[in-house]
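Colleague: Dumping the structure here so I can ask a few things about it.
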Amino acid sequence: MYDATWLLRLYARRRLRHLAETDSLETQRRVLSSLVRRARGTKFGREHEFSAVRSLDDYRSRVPLRDYDAFWESYWREPFPSLDDCTWPGPVPWLAVSSGTTTGTTKFIPVSREMRRSNVRAGADLLVHHLANRPDSRLLAGRVFMLGGSTGLVHRAPGVLSGDLSGIAAAEMPAWARLRYFPPRDLESIADWETKIERFAERSLETEISAVAGTPSWLSIFLERLAEIAGTATGRIADIWPGLELLSHGGVAWAPYRDRFAALLEGSRAETREVYPASEGFFAVADRADGEGLRLLLDTGIFYEFVPLDGLDGANPDCRWIGDAEPGVNYALAVTTCAGLWRYLVGDTVTLVERDPPRVLVTGRTSYMLSAFGEHVIGAEVEQAVAEAARAIGATVSDFAAGSLFPEETGARGGHLYIVELGADAGARGPDADRRARFAERLDATLRRLNDDYAAHRAGGYGMDPARVRFLPPGAFAAWMKSRGKLGGQNKVPRIVNDPDLFAALRAFADGEGTTER
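The C-terminal position of the sequence shown is numbered 501 in my numbering, with every residue numbered one higher than the one before it.
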């Protein structure tokens, strides 16, 4: 394949010079001013007097912080799916489908044409920083492999399509970019995950792959299956894709996967580079080494605010922007975007590593959830699934906690572990083997029904193992809380335990209690 990296290198030099000369504060001021000016004539702009906005203080005084549910109820639900001149001028041609809100399994995020261009520019910045670190790169001598969603978009209304954001990106890709893109059109619309990875793996063996991108959980499963299909004795990607020089990852925490990918990439010249994409926008890319923070994208049509967590539920939170946000503080991220999101709470928490240029680390979510593998299972769904499972065996639940189990060896899959204390109606010994099996099966089935992302990860057993359940004897959770000095008062058993040390301590305590498992 013809090596077109020299063209990318020309762009990268110009872009890096621009970034080096950028005044971060002035750039963000201009972005906010431009967004407000463009949206003056929309329903949202009229209601919030955008014509009178002259400063950040003016903007904040007129526009409150909102989450997805507030936007949906006040602005998007009634005209859905045609959001013309609602919160952004003109028609909105795409709706990115995402699951995990508290009001249902699916949410629809507007994607304007301006936001599509913003996402493209963000992807280009990822490549720019790669070339800055790899001057001898031959990235465009091969193909860039995106392990993303299906491009089988749904026609919601004339001129309005919905689907996975990666599917929207692939479906709308310009012809020049498709020359360096994998998978080909005849494969990218495959929706079934098991079929998809088989076909992708087989075809990629015939292709020179120079970069691959996706979520760590999906990528690790795919790469291990690729090694099996390729029949390589070492299992190393270097023996299959010798030209691979970039693995881009994002969407879930990297730390649990770091060692696993180090083994997969052993002997390879590929570097790993983290990105921070969301359905609401592409926010940041790594321009330095792993763990040194992700550089916020300041000039792609997104304005960033940082909300201290202790004031998030207050009437007037002490919001910051890059001009006064403090490094080391855990903030909830709010964005204003060129798709008509105004002071929108993304649901993520971030810490600023440095301010010039601003770099962040993604630290978690503002609400608790299980999402170690990208499944985005929220607390309400967990609680409903446990309740339905208990009803299925005629029992009640006294207490429970859930956490993630990460694979400990190559070829293994991760999943969830539920540690459950049933009520006295289950008997002192707990449920028998048959009832334990029915509990676990109903819990897993309920989560698959409630949450589209969980269902996708469980499909064919390729992404996650079925939920595992351990049953504690009566009084065990009280004893555990007492052992931690947290018995009684306002102390509560944590429903979702994302702290690995705390969950390990709970599992060790359960081992000592003589638990039964399914």
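Idealized CB from N, CA, C, for every residue including glycine.
Here's the rule I'm using: 16 or more other beta-carbon atoms within 10 Å means buried, otherwise exposed. How should G446 be labelled?
Modeller: As a working note, residue 446 is residue 463 in the sequence shown. Under this definition G446 is a buried residue.
Colleague: Under the three-state reduction of DSSP, which class applies to G471: helix, strand or coil?
Modeller: Reading the sequence shown from its first residue, position 488 is the one you call residue 471. In this prediction, G471 scores a pLDDT of 47, lower than 50, which makes its location untrustworthy; no coordinate-derived value is stated.
Colleague: If distances are taken between C-alpha atoms only, which option among A372, Q367, A315, P340 comes closest to R348?
Modeller: Here residue 348 is taken as the residue at index 365 of the sequence shown, counted from 1. Comparing Cα-Cα distances from R348 to each of A372, Q367, A315, P340, the minimum goes to A315.
Colleague: Can you give the Cα-Cα distance for A573 and K90, rounded to whole angstroms?
Modeller: Since the first residue shown for the chain is -16 and the last is 501, residue 573 is missing from the structure and cannot be characterised.
Colleague: To the nearest angstrom, how far is it from the Cα of R23 to the Cα of E32?
Modeller: Here residue 23 is taken as the residue at index 40 of the sequence shown, counted from 1. Here residue 32 is taken as the residue at index 49 of the sequence shown, counted from 1. Distance between the alpha carbons of R23 and E32: 8 Å.
Colleague: If you draw a straight line from the alpha carbon of Y327 to that of A216, how long is it in whole angstroms?
Modeller: Counted from its first residue, the sequence shown places residue 327 at position 344. Counted from its first residue, the sequence shown places residue 216 at position 233. If I take the Cα positions, the gap works out to 49 Å.
Colleague: Nearest-angstrom Cα distance between L388 and L206?
Modeller: Translated into positions along the sequence shown, residue 388 becomes position 405. Translated into positions along the sequence shown, residue 206 becomes position 223. Going from the Cα of L388 to the Cα of L206 covers about 20 Å.
Colleague: Rounding to the nearest angstrom, what Cα-Cα distance links L126 and R342 in this structure?
Modeller: Numbered from its first residue, the sequence shown carries residue 126 at position 143. Numbered from its first residue, the sequence shown carries residue 342 at position 359. Going by the sequence as given, residue 126 is Arg instead of Leu. Approximately 29 Å, taken between the alpha carbons.
Colleague: Output the boundary residues of the beta strand (DSSP E) element that contains R139.
Modeller: Counting from 1 along the sequence shown, the entry for residue 139 is found at position 156. From DSSP, the beta strand (DSSP E) with R139 extends over 137 to 140.
Colleague: Rounded to the nearest angstrom, what separates L324 and A213 at their Cα positions?
Modeller: For this step, residue 324 is matched to residue 341 along the sequence shown. For this step, residue 213 is matched to residue 230 along the sequence shown. Using only the alpha carbons, I get a separation of about 45 Å.
Colleague: If you run the structure through DSSP and keep just helix, strand and coil, what is G150?
Modeller: By one-based count along the sequence shown, residue 150 stands at place 167. G150 falls in the helix class under three-state DSSP.
Colleague: Specify whether the region 245 to 262 and the region 217 to 230 touch according to this definition: at least 3 beta carbon pairs, one from each stretch, less than 8 Å apart.
Modeller: Because the criterion of three Cβ pairs below 8 Å is met, the region 245 to 262 and the region 217 to 230 touch.
Colleague: Within this structure, are the beta carbons of V369 and V360 separated by less than 7 Å?
Modeller: As a working mapping, residue 369 is identified with position 386 in the sequence shown. As a working mapping, residue 360 is identified with position 377 in the sequence shown. No, these two residues do not count as a Cβ contact at 7 Å.
Colleague: Cα separation between L280 and R374?
Modeller: Counted from its first residue, the sequence shown places residue 280 at position 297. Counted from its first residue, the sequence shown places residue 374 at position 391. The alpha-carbon atoms of L280 and R374 are separated by roughly 49 Å.
Colleague: Since T(-12) and L162 should fall inside the 8 Å C-beta cutoff, what is the C-beta to C-beta distance between them, to a whole number of angstroms?
Modeller: Along the sequence shown, read from residue 1 onward, the residue named residue -12 stands at position 5. Along the sequence shown, read from residue 1 onward, the residue named residue 162 stands at position 179. With a Cβ gap of about 13 Å, T(-12) and L162 do not count as contacting.
Colleague: As a quick exercise: from A194, A355, R100, pick the residue whose alpha carbon is nearest that of T320.
Modeller: Residue 320 sits at position 337 when you count from the first residue of the sequence shown. Checking every option, the nearest Cα to that of T320 belongs to R100.
Colleague: Would you give the residue range spanned by the alpha helix (DSSP H) that A416 belongs to?
Modeller: Counting from 1 along the sequence shown, the entry for residue 416 is found at position 433. That run of the alpha helix (DSSP H) goes 416 to 433.
Colleague: Would you say P310 and L292 are within 7 Å of each other, going by their C-beta atoms?
Modeller: Reading the sequence shown from its first residue, position 327 is the one you call residue 310. Reading the sequence shown from its first residue, position 309 is the one you call residue 292. Contact: no.
Colleague: Closest to E371 by C-alpha separation, out of I479, T346, L433, would be which residue?
Modeller: The residue labelled residue 371 in the question sits at position 388 within the sequence shown. Cα-wise, what sits closest to E371 is L433.
Colleague: Give the range of the beta strand (DSSP E) segment to which E337 is assigned.
Modeller: Your numbering for residue 337 matches position 354 in the sequence shown. Where E337 is concerned, the enclosing beta strand (DSSP E) stretches over 327 to 338.
Colleague: Might you give, ordered along the chain, the residues of its own chain that have their beta carbon closer than 7 Å to the beta carbon of F356, omitting 5 neighbours on each side?
Modeller: Taking the sequence shown and counting its residues from 1, one reaches residue 356 at position 373. So the qualifying residues of the chain are S200, V235, G397, H440, G446, M447.
Colleague: Assess contact between the region 447 to 456 and the region 417 to 432, defined as three or more Cβ pairs (one per stretch) separated by less than 8 Å. Is contact present?
Modeller: The region 447 to 456 is in contact with the region 417 to 432.
Colleague: Whose C-alpha, out of A438, A317, K469, is nearest the C-alpha of P300?
Modeller: As a working note, residue 300 is residue 317 in the sequence shown. Taking only the C-alpha atoms, the option nearest P300 is A317.
Colleague: Report all residues from its chain with a CB closer than 6 Å to the CB of Y58; omit the five preceding and five following residues, and keep chain order.
Modeller: Taking the first residue of the sequence shown as 1, we reach residue 58 at position 75. So the qualifying residues of the chain are C69, T70.
Colleague: At the level of alpha carbons, what is the spacing between L39 and W176?
Modeller: As a first step, residue 39 must be located in the sequence shown, where it is residue number 56. As a first step, residue 176 must be located in the sequence shown, where it is residue number 193. Approximately 45 Å between the Cα atoms of the pair.
Colleague: Residues in its own chain within less than 7 Å of V476 by CB, not counting five upstream and five downstream?
Modeller: Along the sequence shown, one-based indexing puts residue 476 at 493. So the qualifying residues of the chain are D382, A384, F460, M464.
Colleague: Could you confirm whether any beta carbon from chain C is found closer than 7 Å to the beta carbon of S145?
Modeller: Reference to chain C is not applicable here, since this structure consists of a single protein chain.
Colleague: According to DSSP, which residues form a beta bridge with A269?
Modeller: Position 286 of the sequence shown, counted from the start, is the residue given in the question as residue 269. None; A269 has no bridge partner.
Colleague: What does the Cβ neighbour count give for H510, buried or exposed, with the cut at 16 atoms within 10 Å?
Modeller: As shown, the chain starts at -16 and ends at 501. That puts residue 510 outside it, with no answer to give.
Colleague: Secondary structure at H359, three-state DSSP: helix, strand or coil?
Modeller: The residue you call residue 359 lines up with position 376 of the sequence shown. If DSSP states are grouped into helix, strand and coil, H359 belongs with coil.
Colleague: I'd like the list of long-range same chain contacts for G294, defined as Cβ closer than 6 Å, with 5 residues on each side in sequence excluded.
Modeller: Locating residue 294 in the sequence shown gives position 311, where the first residue counts as 1. P300, D301, listed in sequence order.
Colleague: Based on Cα-Cα distance, which residue from R43, S44, R60, A462 lies nearest to Y51?
Modeller: Along the sequence shown, read from residue 1 onward, the residue named residue 51 stands at position 68. Cα-wise, what sits closest to Y51 is R60.
Colleague: Leaving aside the five residues before and after R431 along the sequence, list all residues of the same chain whose C-beta is less than 8 Å from its C-beta, in chain order.
Modeller: Sequence index remark: in the sequence shown, residue 431 carries index 448 (1-based). Hits under 8 Å: Y437, A438, R441.
Colleague: Excluding the five sequence neighbours on either side, which residues of its own chain have a C-beta within less than 6 Å of the C-beta of E288, listed in chain order?
Modeller: As a position in the sequence shown, residue 288 is number 305, starting the count at 1. Hits under 6 Å: C302, W304, A317.
Colleague: Pull up the distance between the alpha-carbon of D242 and that of L277, whole angstroms please.
Modeller: One-based indexing of the sequence shown puts residue 242 at position 259. One-based indexing of the sequence shown puts residue 277 at position 294. Between D242 and L277, the C-alpha separation is close to 20 Å.
Colleague: Put S172 into one of helix, strand or coil per three-state DSSP.
Modeller: Numbered from its first residue, the sequence shown carries residue 172 at position 189. In the structure shown, S172 sits in coil (DSSP, three-state: anything other than H, G, I, E or B).
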